[in-house]
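These protein sequences, in sequence, are chains A and B. Counting from 1, one number per residue, gives the positions in the first sequence under the working numbering. Counting from 1, one number per residue, gives the positions in the second sequence under the working numbering. Backbone N, C-alpha and C define an ideal beta-carbon position, used for all residues, glycine too. Okay, structure first, notes after.
Number of protein chains: 2
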Amino acid sequence: MSGISIATWNINSVRLRAPSVAAWVAEADPDVLCLQEIKCLSEQFPEEAFREMGFRHFHIRGQKGMHGVAIASKLPLEDLPDEDLCPRSEARHQRVGVAGFELHNFYIPAGGDEPDPAINPRFAHKLEFLDKLESYFAGRAAAKTPLVLVGDFNIAPYEHDVWSHKQLLKVISHTPVEVDALERIRQAGRFSDVARELIPMDEKIYTWWSYRAKDWKAANRGRRLDHIWVSPELHDQAVAGGREALKVWDNVRSWEKPSDHAPVVLQLEL
Amino acid sequence: MSGISIATWNINSVRLRAPSVAAWVAEADPDVLCLQEIKCLSEQFPEEAFREMGFRHFHIRGQKGMHGVAIASKLPLEDLPDEDLCPRSEARHQRVGVAGFELHNFYIPAGGDEPDPAINPRFAHKLEFLDKLESYFAGRAAAKTPLVLVGDFNIAPYEHDVWSHKQLLKVISHTPVEVDALERIRQAGRFSDVARELIPMDEKIYTWWSYRAKDWKAANRGRRLDHIWVSPELHDQAVAGGREALKVWDNVRSWEKPSDHAPVVLQLEL
DNA sequence: GTGTCGGGGG
DNA sequence: CCCCCGACAC
């Protein structure tokens, strides 16, 4: 089959976890790997280690200490002008051209603890960021550019994207205000949430499990925070492979010194 | 032969290096192990790991974050009242009874960078500490209790205790004022510096190499900061084994993630 | 260079 | 619980 596999993984420090990435890449062999929370300057990205994994092409948008996104690819990447989508200009977004479509990699703000934007500036920032995405993708829809959006959206939109819908309604990542904002972005760009196209809505899917839980695996109090969306032009190719085309590598969460997020991979037919 | 082996090692965080200690103990098999810079509270000492090394008896004097000394022993230890020898009451000294003698474990202050006590309070503290030791051991000499003093004295007293006598004369650890103060302590208690009894004065001995030097081994800019002293009652037993009775395990400095100090062991005949 | 800590952030 | 940082100490 001719296609391309696209992976997204919040790696929570790429310098610390480059060996884990190598071990996972040896198994999963993604063509394009989108990372979030690399937590380093662009020049500190461990490019040599990634070259040894077989990646030749890079697009890195780092910053000191926090946030930071990176794309490592086995296919050539086309540079595109930076967009200024983050209200605080943090390194939370990048885009490249690859394999004939435009790939966006996001690390949407977590938003802090208190779900009231009036008293929690982090949550206000998250909502502003989401507003900006809505108008940005609304403005781009008419051009019909094939788009793939991936990343840590820090929102688990649907009931079975969290371990307990009721208990998380007031917990940031699953509050109605951010879930609605995310849905408006999706509709503005007429994006498909590929995982939910391929996996029934009543089936639990998680990509993140808190570090804080002691027996996180037994408790299984996860959330689906990491997403892969495609614009209408790519819908059919995204779902062509069926359910097997979308994989959450949750076993990786059990490795030594893991990230709190699991990698998610889509096999996109081309 | 009937005797007891006594080790001293500045471990620079015992929690981090318990595995290294275990590897070394498996080889060196000391009867009594005196540690400095354990860098933890007494209750955080990894006693279980030390039990697995064969130590059944402990005397621990820790404090939060810095300093801290501990004795782990295969022979029973006798508790003795704490002395208040540190002018700042930091966890820099402990004593126990063992095998018929009194064992003192010291972590003498490093003293900072500027070798002028008038402008460097750390160096003033070091000199005060040394003064206190002089009067303390002067007061104890008449009783003729057999004493063993070990630890990180943070002083390299003799010319061949440093890689360059001339270049270190104004570097704290080898300045005349602290070397003289150490010599006064030695004379107050009529102690023998066992390593220098057994190894000729014109032979270099180092027990510490800075982390900062890139190629510390090739450069070999070491210092002898770690010492084993005995009171006159134990002199003959300390030197009975000859030069082989005193060993600096400098190979340990080459291990992964080492302490900057090497362990020093004396085989004491009894 | 290599530890500790405390603070910010998740 | 785990990551970053900056301060402090050696």
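Is DSSP giving glutamine 187/A helix, strand or coil here?
Here residue 187/A corresponds to residue number 187 of the first sequence, with the count starting at 1. Helix, per DSSP.
Compute the Euclidean distance between the alpha carbons of isoleucine 119/A and glutamate 178/A, then round it to the nearest angstrom.
Taking the first sequence and counting its residues from 1, the one referred to as residue 119/A is at position 119. Taking the first sequence and counting its residues from 1, the one referred to as residue 178/A is at position 178. For isoleucine 119/A and glutamate 178/A, the distance between alpha carbons rounds to 16 angstroms.
Could you tell me the distance, in whole angstroms, from the CA atom of alanine 141/A to the CA atom of lysine 132/A?
By 1-based counting over the first sequence, the position of residue 141/A is 141. By 1-based counting over the first sequence, the position of residue 132/A is 132. Answer to the nearest angstrom: the Cα atoms are 14 angstroms apart.
Whose C-beta lies closer than 8 angstroms to the C-beta of leucine 75/A among residues of the same chain, with five residues either side of it excluded?
In the first sequence, the residue the question calls residue 75/A occupies position 75. Excluding sequence neighbours, leucine 75/A sits near Ile4, Asp31, Val32, His57, Val98 and Ala99.
For the structure I just gave you, are there three or more beta carbon pairs, one from the stretch 176–196 of chain A and one from the stretch 217–230 of chain A, closer than 8 angstroms?
Touching, yes.
Distance, Cα to Cα, leucine 41/B vs glutamine 63/B?
Reading the second sequence from its first residue, position 41 is the one you call residue 41/B. Reading the second sequence from its first residue, position 63 is the one you call residue 63/B. Rounded to the nearest angstrom, the two C-alpha atoms are 4 angstroms apart.
What is the rounded straight-line gap between the Cα of phenylalanine 101/B and the Cα of tyrosine 211/A?
To locate residue 101/B, count along the second sequence from 1; it is residue 101. To locate residue 211/A, count along the first sequence from 1; it is residue 211. Straight-line Cα distance between these residues: approximately 50 angstroms.
Return helix, strand or coil for serine 89/B, following the three-state DSSP convention.
Your numbering for residue 89/B matches position 89 in the second sequence. It is coil, neither helix nor strand.
Where do the N-terminal and C-terminal ends of the alpha helix (DSSP H) with serine 20/B fall, by residue?
Here residue 20/B is taken as the residue at index 20 of the second sequence, counted from 1. Note, serine 20/B: alpha helix (DSSP H), 14–28.
Is the beta carbon of arginine 95/B less than 9 angstroms from the beta carbon of proline 109/B?
Walking along the second sequence from the start, residue 95/B turns up at place 95. Walking along the second sequence from the start, residue 109/B turns up at place 109. No, they are not a contact pair.
Report back the beta-carbon spacing between histidine 165/A and methionine 201/A to the nearest angstrom; my notes put them in contact at under 8 angstroms.
Indexing the first sequence from 1 puts residue 165/A at position 165. Indexing the first sequence from 1 puts residue 201/A at position 201. Their Cβ separation, rounded to whole angstroms, is 12 angstroms, which puts histidine 165/A and methionine 201/A out of contact at 8 angstroms.
Note down, one range per segment and in chain order, each alpha helix (DSSP H) of at least 4 residues found wholly within the stretch 34–82 of chain A.
The stretch 34–82 of chain A contains these whole alpha helix (DSSP H) runs: 47–52.
Per the DSSP calculation, leucine 266/B is bridged to which residue(s)?
Counted from its first residue, the second sequence places residue 266/B at position 266. Paired residue(s): Ile6/B and Leu246/B.
Does any heavy atom of the ligand SAM sit closer than 8 angstroms to the C-beta of arginine 17/A?
This structure lacks the ligand SAM, and indeed carries no ligand of any kind.
Can you tell me where the alpha helix (DSSP H) holding phenylalanine 123/B begins and where it ends?
Here residue 123/B corresponds to residue number 123 of the second sequence, with the count starting at 1. Here the alpha helix (DSSP H) through phenylalanine 123/B covers 121–141.
Give, in chain order, every unbroken run of the alpha helix (DSSP H) that is at least 4 residues long and sits entirely within the stretch 153–179 of chain A.
Counting only runs of 4 or more, we get nothing.
Touching or not, the stretch 1–21 of chain B and the stretch 251–268 of chain A, by the rule of three or more beta carbon pairs under 8 angstroms?
The stretch 1–21 of chain B, when compared against the stretch 251–268 of chain A, does not touch it at the 8 angstroms Cβ threshold.
With tryptophan 208/B as the anchor, note down where its alpha helix (DSSP H) starts and where it stops.
Start at 1 with the first residue of the second sequence, and residue 208/B comes out as number 208. Where tryptophan 208/B is concerned, there is no enclosing alpha helix (DSSP H), given that its DSSP letter is neither H nor E.
So who's on the other strand from serine 192/A, going by DSSP bridges?
To locate residue 192/A, count along the first sequence from 1; it is residue 192. DSSP, once it has assigned bridges, lists Val230/A as partnering serine 192/A.
For threonine 8/A, count the other beta carbons within 10 Å of its own beta carbon; 16 or more makes it buried, fewer makes it exposed. Which is it?
Stepping through the first sequence from its first residue, residue 8/A is reached at position 8. Under this definition threonine 8/A is a buried residue.
Roughly how many angstroms separate the alpha carbons of proline 117/B and tyrosine 158/B, rounded to a whole number?
The residue labelled residue 117/B in the question sits at position 117 within the second sequence. The residue labelled residue 158/B in the question sits at position 158 within the second sequence. Cα-Cα distance, rounded: 22 angstroms.
Is the CB-CB distance between leucine 246/A and arginine 184/A below 9 angstroms?
Locating residue 246/A in the first sequence gives position 246, counting from the first residue. Locating residue 184/A in the first sequence gives position 184, counting from the first residue. No. Outside cutoff.
Evaluate aspartate 152/B with the Cβ neighbour count: other Cβ atoms within 10 Å of its Cβ, from every protein chain shown; 16 or more gives buried, anything less gives exposed.
Sequence index remark: in the second sequence, residue 152/B carries index 152 (1-based). Its Cβ being crowded by 16 or more others within 10 Å, aspartate 152/B is buried.
Could you tell me which of Thr207/A, Ala26/A, Asp113/A and Glu83/A sits nearest to phenylalanine 55/A, measuring between CA atoms?
One-based indexing of the first sequence puts residue 55/A at position 55. Nearest of Thr207/A, Ala26/A, Asp113/A and Glu83/A to phenylalanine 55/A, Cα basis: Ala26/A.
How many Å lie between valine 252/A and arginine 221/A at the Cα?
By 1-based counting over the first sequence, the position of residue 252/A is 252. By 1-based counting over the first sequence, the position of residue 221/A is 221. The alpha-carbon atoms of valine 252/A and arginine 221/A are separated by roughly 16 angstroms.
Specify the secondary structure class of leucine 198/A as computed by DSSP and reduced to three states.
The sequence position of residue 198/A within the first sequence is 198, counting from 1. Reduced to three states, the DSSP call for leucine 198/A is helix.
Can you check which of these residues, Ile11/B, Asn10/B, Leu168/B and Gln44/B, is closest to proline 115/B by C-alpha distance?
Here residue 115/B refers to the residue found at position 115 of the second sequence. Nearest C-alpha to proline 115/B: Leu168/B.
What's the C-alpha gap between leucine 182/B and isoleucine 155/B?
Taking the second sequence and counting its residues from 1, the one referred to as residue 182/B is at position 182. Taking the second sequence and counting its residues from 1, the one referred to as residue 155/B is at position 155. When rounded, the distance between both Cα atoms is 8 angstroms.
If we count the other Cβ atoms within 10 Å of its Cβ and call it buried at 16 or more, is glutamate 256/A buried or exposed?
Mapped onto the first sequence, residue 256/A falls at position 256. Classification for glutamate 256/A: exposed.
Do valine 248/A and alanine 262/A have their beta-carbon atoms positioned less than 9 angstroms apart in this structure?
Here the question's residue 262/A lines up with position 262 in the first sequence. Here the question's residue 248/A lines up with position 248 in the first sequence. Yes, the pair counts as a contact, with Cβ atoms nearer than the cut-off.
So, helix, strand or coil for lysine 182/B, using DSSP?
Against the second sequence, residue 182/B aligns to sequence position 182. At residue 182/B the sequence reads leucine, which differs from the lysine that was named. Of the three classes helix, strand and coil, the one that applies to leucine 182/B here is helix, per DSSP.
Alpha carbon to alpha carbon, what distance is there between threonine 145/B and asparagine 105/B?
The residue labelled residue 105/B in the question sits at position 105 within the second sequence. The residue labelled residue 145/B in the question sits at position 145 within the second sequence. So the alpha carbons of these two residues sit roughly 16 angstroms apart.
Going by CA-CA distance only, name the one from His235/A, Ala240/A and Asn12/A that's closest to valine 148/A.
Mapped onto the first sequence, residue 148/A falls at position 148. Among His235/A, Ala240/A and Asn12/A, the Cα nearest to that of valine 148/A is on His235/A.
Distance check for aspartate 82/A and leucine 16/A, CA to CA, integer angstroms please.
On the first sequence, residue 16/A is found 16 positions in, with the first residue counted as 1. On the first sequence, residue 82/A is found 82 positions in, with the first residue counted as 1. The straight-line gap from Cα to Cα measures roughly 27 angstroms.
Count the other CB atoms within 10 Å of the CB of serine 173/B; is the residue buried (16 or more) or exposed (fewer)?
Within the second sequence, numbered from 1, the residue matching residue 173/B stands at position 173. Buried, since its Cβ has 16 or more Cβ neighbours within 10 Å.
Rounded to a whole number of angstroms, what is the C-alpha to C-alpha distance between cysteine 34/A and alanine 138/A?
Here residue 34/A refers to the residue found at position 34 when the first sequence is read from its first residue. Here residue 138/A refers to the residue found at position 138 when the first sequence is read from its first residue. Cα to Cα, the separation comes out at about 24 angstroms.
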